[in-house]
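In my numbering, the protein residues as written are 4 to 292. We put the CB at the ideal spot given by N, CA and C, even for glycine. Everything numeric in this text was worked out from a predicted model, so none of it was measured.
What follows is the structure in structure tokens.
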């Protein structure tokens, strides 16, 4: 009988992470590769795919990448067919690709709304739809969706994004409901505020030495009183892709330092002397941060 840690291994599995040329998708892929999985990824154009291939090569990962628009059903089906021919099929799907448009709702055009919904909700539907038949044939699989705190909370200027992420939460539950009988587990990861090069300006000290107002705001809403890191996300990503999570299905797990459990405190009462600086080390895109 294998030890408990062996249940977290992904040896022999093929993991498809959408939009994983950089950012959180790349961070997930690196964790999967370390756990033994074969990595395949797609992105919207060849320039991004080339960028991803360079990053994987530098990390010592033998990945397969190709252009595929997750909103185009023909391209998605063709990508999955190629992966089946080359590697035997997709065992783990991470619906990571996503976009956001920060526009007040009354100023957002239908075309802008449709684009966000198409990438953030229809894309995961099409990719999941494409891999599920193969997973059933092979006796099971894992689907992991990229939800958000906006799957639970509203926020100004992100109506389409919040609607899409709320819908993705329910798609996660419905895939569980329809296909759990085939040993397919569908769960989701909901990141909180992550320290990255993109969010670094929001954490910089002001000219007078004080905290950036947004940094103070986020810390006041977070029991951990710090920003998250990409490393904080990798463990859950591996767990949800591994046999260790075989009886977990239809769940959204938030990695937010406790924000969703906490009403927050008066930002002016924070004790800055207790804060730990967290710096992002990856070139990470985090859609709603």
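- Take residue 134, set aside five residues on each side of it, and the residues of its chain with a beta-carbon closer than 8 Å to its own are 19, 83, 92, 93, 96, 144, 146, in chain order.
- Taking the C-beta atoms as reference points, residue 42 is found nearer than 8 Å to residue 32.
- By the neighbour-count criterion, in which 16 or more other beta carbons inside 10 Å mark a residue as buried, residue 277 falls on the exposed side.
- Within the model, the alpha-carbon separation for residue 50 versus residue 199 is close to 22 Å.
- A check of alpha carbon separations from residue 78 across 142, 216, 132, 117 identifies 132 as the nearest.
- In this structure, the CA atom of residue 85 is about 12 Å from the CA atom of residue 70.
- According to the DSSP secondary-structure assignment, residue 257 is paired through a beta bridge with 193.
- Beta-bridge analysis with DSSP links residue 96 to 19, 146.
- Assigned with DSSP and collapsed to three states, residue 219 falls in helix.
- CA-CA distance, residue 245 to residue 213, rounds to 44 Å.
- Ranked by Cα distance from residue 44, the options 38, 61, 37, 65 are led by 65.
- For residue 41, the enclosing beta strand (DSSP E) starts and ends at 41-46.
- In this structure, the beta-carbon distance from residue 123 to residue 171 falls below 8 Å.
- In the DSSP secondary-structure assignment, residue 188 is bridged to 145.
- Checking the DSSP bridge columns, you'll see residue 35 has no partner listed.
- Shown here, residue 67 sits in a strand according to DSSP, grouped into three states.
- Distances from the alpha-carbon of residue 160 to those of 106, 174, 28, 23 put 106 closest.
- For residue 25, the closest of 263, 233, 226 by C-alpha to C-alpha distance is 233.
- Of the candidates 22, 169, 10, 111, 22 places its Cα closest to the Cα of residue 130.
- Inclusion of residue 273 and residue 219 in the CB contact set at 8 Å is warranted, their separation being smaller than that value.
- Classified as buried, residue 192 has 16 or more neighbouring CB atoms from the shown chains inside 10 Å of its CB.
- Pairing residue 243 with residue 189, the inter-Cα distance amounts to about 9 Å.
- Of the candidates 101, 247, 260, 13, 101 places its Cα closest to the Cα of residue 73.
- Between residue 149 and residue 98, the C-beta spacing is below 8 Å.
- Beta bridge pairing from DSSP links residue 231 with 197.
- Taking 8 Å as the cut-off, the beta carbon of residue 239 is found closer than this to the beta carbon of residue 258.
- Take the alpha-carbon of residue 138 and the one of residue 125: they are about 20 Å apart.
- Here residue 180 carries a helix assignment [DSSP, helix/strand/coil].
- Closest by C-alpha distance to residue 104, out of 8, 167, 253, is 167.
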